[in-house]
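Data first, discussion second: the structure below is written as structure tokens.
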Amino acid sequence: MPENQQGSGEPRGFTLWFTGLSGSGKTTITNLLVKDLLARGSKLEVLDGDVVRENLSKGLGFSKEDRDTNIRRIAFVANMLSRNGVPVITAAISPYREIRDEARQMMDDRFIEVYVKASVEACEERDVKGLYAKARSGEIKEFTGVSDPYEEPENAEIVVETESQSPEESAKQIVDYLEAQGFISAN
Ligand SMILES: Nc1ncnc2c1ncn2[C@@H]1O[C@H](COP(=O)(O)OP(=O)(O)O)[C@@H](O)[C@H]1O
Ligand SMILES: [Mg+2]
0 MPENQQGSGE PRGFTLWFTG LSGSGKTTIT NLLVKDLLAR GSKLEVLDGD VVRENLSKGL
60 GFSKEDRDTN IRRIAFVANM LSRNGVPVIT AAISPYREIR DEARQMMDDR FIEVYVKASV
120 EACEERDVKG LYAKARSGEI KEFTGVSDPY EEPENAEIVV ETESQSPEES AKQIVDYLEA
180 QGFISAN
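Count the sequence shown with numbering that gives the first Met the number 0 and you get residues 0 to 186, in order.
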């Protein structure tokens with residue numbers, strides 16, 4: 000294990016903060032990363048948007064206010080874990096730049112924004128969960144990318160181009176970044 004920047008020899012905590020449309024690949028890439036990082040003996044916690052909305056944020060809806068509350072809760076937990084050396088992956092749409100930047104400020108150099116990039120058209124084509132069809136028909140209101148805003152990151156540390164990469168390539172790009180930055184040791 001390489002020395003961390005604080006020189007204590009303990010691994011550095013970090014938060015991989017995924018942002019991207021529904022169906023862009025956040026959960027898919029997270030699952031690949033979990034396998035890789037756990038195989039290296041890393042601690043790890045995942046805060047997946049869909050899971051968080053079933054417990055920590057149960058009862059919240061999709062208004063701007065509720066979305067912001069949901070993301071602030073995720074940031075709060077990610078900060079508590081990562082400051083104690085536990086790597087965290089958050090996989091929620093987190094559509095608003097301002098709230099992502101709040102999370103960034105909170106976690107400072109432990110915060111790694113990952114834009115899981117795919118166009119609305121590509122996500123709609125994939126429509127893994129059938130949600131885009133429901134959004135188009137009006138059955139689901141306030142659907143990000145269709146009837147609700149998505150603010151693309153402007154300065155993400157990592158952009159994974161999921162329309163031209165496989166999930167494995169996207170995961171490798173992220174692992175390579177973590178290695179290059181000294182967050183994890185080379186395998
Ligand atoms: N490079 C890629 N990275 C991630 N997913 C991809 C990629 N290319 C195609 N896909 C597909 O896109 C879909 C993404 O779904 P999911 O991971 O559930 O998205 P999200 O969690 O962002 O809503 C999956 O069916 C996955 O197989
Ligand atoms: Mg998901």
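For each residue, glycine too, the CB sits at the ideal point set by N, CA and C.
Residue i and residue j: beta carbons closer than 9 Å?
| i | j | result |
| --- | --- | --- |
| D189 | A91 | Because the chain here runs from 0 to 186, residue 189 falls outside it and cannot be looked at. |
| P166 | T18 | no |
| E44 | I98 | no |
| S62 | R72 | no |
| F182 | F110 | no |
| A155 | V127 | no |
| N69 | M106 | no |
Ordered along the chain, which non-local residues of its own chain (more than five positions away) have a Cβ less than 7 Å from that of residue i?
| i | result |
| --- | --- |
| Q172 | I157, V159 |
| P148 | P94 |
| T143 | L20, S21, I92, P94, Y149 |
Spell out whether any CB of chain D is found under 9 Å from the CB atom of residue i.
| i | result |
| --- | --- |
| G84 | Although the question refers to chain D, the structure presented lacks it and comprises just one protein chain. |
For residue i, list the residues DSSP reports as bridge partners.
| i | result |
| --- | --- |
| V87 | T14, E44 |
| K171 | K171 is not bridged to any residue. |
| F110 | T14 |
| V119 | Beta-bridge pairing links V119 to no other residue. |
Excluding the 5 residues preceding and the 5 following residue i in the sequence, name in chain order all residues of the same chain whose CB lies nearer than 6 Å to its CB.
| i | result |
| --- | --- |
| Y131 | E123 |
| L80 | E44, V87 |
| L36 | L43 |
| E141 | F61, D147 |
What residues come near ligand 2, if near means a beta carbon less than 7 Å from any of its heavy atoms? K25, T26, D47, G48, D49, A90
Enumerate, from N- to C-terminal direction, the unbroken beta strand (DSSP E) stretches of 3 or more residues contained entirely within the stretch 124–166. 157–160
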